[in-house]
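Report on the structure given below.
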Amino acid sequence: MYMENTVSTERKRIHPHKFTLWVAMGSIVMMFAGLTSAYIVKRNQSNWLEFGLPAVFWYSTAVIIISSVTMHLAVKAFKAKEMARYRKLITLTAGLGLLFAGLQFIGFSALHKNGVQLFGIGSNPSASFLGIITGLHVLHVLGGVVALIVSFARAFRVRTRSYAATPVEVVATYWHFVDILWIYLFIFFNWIG
Amino acid sequence: MSNEAVLHGNVGVGHSHDAHADHGHGHHHETFITKYVFSQDHKMIGKQFLITGMVWAILGGLMSVLFRLQLGYPDSSFPWLEDILGKWAKGGHISAEAYYALVTTHGTVLVFFVLTAGLSGTFSNFLIPLQVGARDMASPLMNMLSYWFFFMASVVMLSSLFVETGPFSGGWTAYPPLSALGDASDGSKTGMDLWLVAMALFVVSQLLAGLNYIATILNMRTKGMSMTRLPLTIWALFFTAVLGVLSFPVLFSGFILLIFDRNFGTSFYLSDIFIASVGALPNEGGSAILYQHLFWFLGHPEVYIILLPAMGMASEIISTNARKPIFGYMAMVGSLFAIVVLGFLVWAHHMFVTGLNPFLGSIFVLMTLLIAVPSAIKVFNWLTTLWRGNIRFTPGMLFAIGFVSLFISGGLTGIWLGNSALDIHLHDTYFVIAHFHIVMGVASMFGMFAGVYHWFPKMYGRYMNHTLAYTHFWLTLIGAYLIFWPMHYEGLAGMPRRYYDYGNWESFKQFLELNRFISTVVIIVFCVQLLFLFNFFYSIFKGRKVTTLNPWGSNTLEWTTPIRPGHGNWPGEIPEVHRWAYDYGKDGQDFIPQTTPVGDNESHH
Ligand code: HEM
Ligand SMILES: [Cu+2]
């Protein structure tokens, strides 16, 4: 009944794995949207502790942005079949990811030194929110690091070495996603929330 | 995201299912384990969801029989209760703790394990690849994992029934502070920990499943299967998955905060609390209402996650058995879409009496009443499809029509509740119980029965017994109305829900007889469901064999597969689709399957 005979088989379609990743990212966005909305709702109620973010979070933000650049270069190297360069770059990316996670924890302890308690009896929800949201984000970054390590191992399997870019692109998309997610959270904590 | 793939009327699939073509052949050496246990065949996974859901339905149903005994016969004692429940029913009398644990577990299990996993899990798995023309899901492995996460969730939930302090008992919505403080009640101790673990596993299962359903529907359709040629079942299952993928993460974030409040001393939901046995708690600055927002942001979409699959299957079954095209196909798709969008904007109608800003409340009233519009469109289209149809009253058809009846009855009371002023009186009364059991509980159960009766021949290559099925239908329909209709009156009279005993409440003594009546019908209806179970399992092995490919004379693709399709569904090429799924009674032909090319002199409509 609708548009008979107009079906084309040649249409370029998004790869199912990439597509699944996009839906999954939508899902993750909803989780953080839920948390940051809860943050706003709670902040407008009584008993809300105001505090500034320690400077370390600026460094970690820089680190994760740089890691996105190295990730981007890694994909380029992969597509140009420069495997040695590719491996170096994803190692660097994974390293920066770990550094980011480390800096976040340094940020937490800096808060602690300033007397802002994140969890436990006596903690204020405003600090606990920061801890949980940032902590969940770090978990997502570490998930990306695991994915990078898997890609790294793959690049060594000489036999089955494949130059199909999809798996690498999937990891890269995810990596940029957690980067952007952090930038959103950073802006949120500093200026919106 | 590829809107192109989402909204296009004419998309071919070309290469995308070639990757899975290898499933189509062979698998001669499947072992028992890979075929029945760790199966990656979507049809087997669907059956696993169905049967696990049935087990939970029996358990959950039995729980309701037990707590209805208390409500109907508050002063009698049943010694056999002590035999099965032990210390929870000392002297043959269900204790208050046990009563609340039963109500809570009944709600959780029926909403999530039966009507979510058992319903959309079963039919998304079974029908999506078969009806879009794919060999399997986009990721069969993820699909298998989704079942096993559900299975683990089931095991954990089941184990919570056996712990010393009993399962969680604070209601299926798990509001803090009761759910956040182990000291608040026995059920809030280990039972609540297990409840949270089970629900977290369940959310993971639903996310894995939903991602897969969406990817399969958008990417794996066979040649010619444009979005506008999809059967309405698939549209409904698609929107169900979208709802799940977007709302379960929010519930998850609510749970994370709850876990931190329970175990790590934070105060998201807690403030100014005094517990008799403990004294004043140090937690300050939290807000219990925050949890309600996060919960109902999932909770309302969740009710549509439960309802949409039933709507889709009813559309398909009604059109097939009325031998008429579905009336208003695009309106059906559009109203599903409207329900999804509005479904995200109405959550606070569960919170009218929480001290919500009345201005905000009025916006939620508006949004809530707006949902009645797409709902009414759907009802109108079902009725018009039935109107002057050549109706074949198969068991599936009867249940589909019963679904429409229940949806109308329960939807109308929703409009009452959606008015915040009326809700002040009706909130937390039996009126709400009546509303959601009819519109969601029983209606979706009817959708599920319709689906099982209709697709049983495809699942097992045999028919279910029709005499038993008709008995099952009539007794269940009459019973359901007899149980839930009177609850409206109790609710209007102000009788609150979630009470163990109404005995010392002068104004509700008048309902003692009515409650007894309801409880008696509950027992009968529960036994009638055993009839269905018997029919189901007996027919798997001994039912009349299906001898034709297409027993219902249906247009959709699943009926072009062999009577007992193997993994891969079609032994040869996947058929090509040339038309929509609803060419019934067109140009004098009884039905024209989707695989039939359009003839030169065929009329358009
Ligand atoms: C015209 C459509 C509907 C409207 C206007 C509506 C409105 C409402 C309102 C306002 C409440 C809250 C009552 C209260 O707690 O005081 C409610 C409760 C509920 N509704 Fe509906 N509803 C509609 C359709 C549905 C449908 C289609 C479903 C499920 C498929 C559903 C499932 C529920 C459930 C499960 C609850 C109660 C949850 C609980 O408190 O335990 N409703 N409804
Ligand atoms: Cu609702």
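Protein sequences, first through last, are from chains A and B.
Note that the first sequence covers residues 13 to 205 in the working numbering.
Note that the second sequence covers residues 71 to 675 in the working numbering.
Even for Gly, the Cβ is constructed at its ideal location relative to N, Cα and C.
Pull up the DSSP beta-bridge partners for Gln-659 (chain B), would you.
B:Lys-656
Looking at Ile-198 (chain B): is its Cβ nearer than 7 Å to the Cβ of Thr-286 (chain B)?
yes
Can you determine whether any heavy atom of ligand 2 sits closer than 6 Å to the C-beta of His-370 (chain B), and answer yes or no?
Because some heavy atom of ligand 2 lies under 6 Å away, the Cβ of His-370 (chain B) counts as near it: yes.
Expressed to the nearest angstrom, what Euclidean distance is found between the alpha-carbon atoms of Phe-182 (chain B) and Leu-436 (chain B)?
One C-alpha to the other measures close to 28 Å.
If contact is defined by three or more beta carbon pairs under 8 Å, each pair taking one atom from either stretch, is the segment 142-154 of chain A in contact with the segment 369-381 of chain B?
no
Taking 7 Å as the CB-CB cut-off, is Tyr-14 (chain A) touching chain B?
Its pLDDT being 35, under 50, Tyr-14 (chain A) is placed unreliably in this model, and the value from its coordinates should be taken loosely. It does; some Cβ of chain B falls within 7 Å.
If I measure Cβ to Cβ from Gly-280 (chain B) and keep anything under 7 Å in the same chain, skipping five residues before and after, which residues do I get?
Ala-311, Gly-314, Val-315
Ends of the alpha helix (DSSP H) at Lys-91 (chain A)?
68-91 is the span of the alpha helix (DSSP H), which, as asked, contains Lys-91 (chain A).
At a cut-off of 6 Å, would you count Ala-442 (chain B) as near ligand 1, judging by its Cβ distance to the nearest heavy atom?
yes
Buried versus exposed call for Ala-91 (chain B) [16 or more other C-beta atoms within 10 Å across all chains shown]
Residue confidence for Ala-91 (chain B) is low, a pLDDT of 39 falling below 50, so the modelled location carries little weight; the figure read from the coordinates is stated next. Ala-91 (chain B) is exposed by the Cβ-count criterion.
May I have the straight-line CA-CA distance separating Asn-56 (chain A) from Pro-210 (chain B), to the nearest angstrom?
46 Å
Of the residues that make up the segment 43-72 of chain A, which ones have a beta carbon closer than 9 Å to any beta carbon in chain B?
Met-43, Phe-44, Ala-45, Gly-46, Leu-47, Ser-49, Ala-50, Val-53, Lys-54, Gln-57, Ser-58, Asn-59, Trp-60, Leu-61
Just the Cα atoms here: how many angstroms apart are Trp-218 (chain B) and Ser-275 (chain B)?
8 Å
Considering only heavy atoms of ligand 1, does any lie closer than 6 Å to the CB of His-419 (chain B)?
yes
With hydrogens ignored, establish whether the beta-carbon of Ile-409 (chain B) is closer than 6 Å to any heavy atom of ligand 1.
no
Looking only at its chain, what residues have a beta carbon closer than 7 Å to the beta carbon of Ser-389 (chain B), apart from the 5 residues adjacent to it on each side?
Pro-395, Ile-396, Thr-455, Tyr-652, Tyr-654
For Phe-602 (chain B), I'd like the list of residues in its chain whose CB is within less than 6 Å of its CB, leaving aside the five on either flank, ordered along the chain.
His-542
Please find out if some non-hydrogen atom of ligand 1 comes closer than 6 Å to the beta-carbon of Ile-433 (chain B).
Because no heavy atom of ligand 1 lies under 6 Å away, the Cβ of Ile-433 (chain B) does not count as near it: no.
Contacting positions in the segment 335-357 of chain B - beta carbon closer than 7 Å to chain A
Gly-335, Thr-336, Ser-337, Phe-338, Pro-352, Glu-354, Gly-355, Gly-356, Ser-357
Residues of the segment 209-222 of chain B in Cβ contact with chain A at a cutoff of 9 Å, in chain order, please.
Ser-209, Met-212
Own chain residues within Cβ distance below 8 Å of His-97 (chain B), not counting five before or after
Note that His-97 (chain B) scores a pLDDT of 46, beneath 50, so its modelled location is shaky; the value from the coordinates is reported in the next line. Only Gly-636, His-637, Gly-638 meet the Cβ criterion.
Nearest to Leu-110 (chain A) by alpha carbon, out of A:Phe-31, A:Pro-137, A:Trp-187?
A:Trp-187
Roughly how many angstroms lie between the CA atoms of Ala-75 (chain B) and Asn-289 (chain B), to the nearest whole one?
At Ala-75 (chain B) the pLDDT is 33, less than 50, meaning the model places this residue with poor confidence and gives no usable figure here.
I'd like to know if Pro-199 (chain B) contacts chain A, where contact means its C-beta is closer than 7 Å to some C-beta of that chain.
no
Could you check the C-alpha separation between Pro-632 (chain B) and Leu-619 (chain B) for me, to the nearest Å?
If you take the alpha carbons of Pro-632 (chain B) and Leu-619 (chain B), they lie about 7 Å apart.
Within the chosen definition, does the segment 167-176 of chain B reach the segment 610-617 of chain B through at least 3 CB pairs nearer than 8 Å?
Three or more beta-carbon pairs separated by less than 8 Å are not found between the segment 167-176 of chain B and the segment 610-617 of chain B, which leaves the two stretches without contact.
Return the residues of the segment 271-289 of chain B that lie within a Cβ-Cβ distance of less than 9 Å from chain A, sorted by chain order.
Leu-277, Gly-280, Leu-281, Asn-282, Ile-284, Ala-285, Thr-286, Leu-288, Asn-289
Close-in-space but distant-in-sequence residues of the same chain around Pro-379 (chain B) (CB under 7 Å, 5 per side omitted)
Leu-189, Ser-190, Phe-193, Ala-306, Leu-307, Thr-310, Gly-517
Identity of the residues DSSP links to Ile-345 (chain B) by a beta bridge
Ile-345 (chain B) pairs with B:Gly-349.
Can you tell me which of the three DSSP states Lys-448 (chain B) falls into?
helix
Can you name, in chain order, every residue of its own chain whose Cβ lies under 8 Å from the Cβ of Thr-178 (chain A), other than the five neighbours on each side?
His-27, His-29, Lys-30
7 Å CB neighbourhood of Ile-53 (chain B) in its chain, flanking five on each side removed
There is no way to answer for residue 53 (chain B), as the model of chain B reaches only from 71 to 675.
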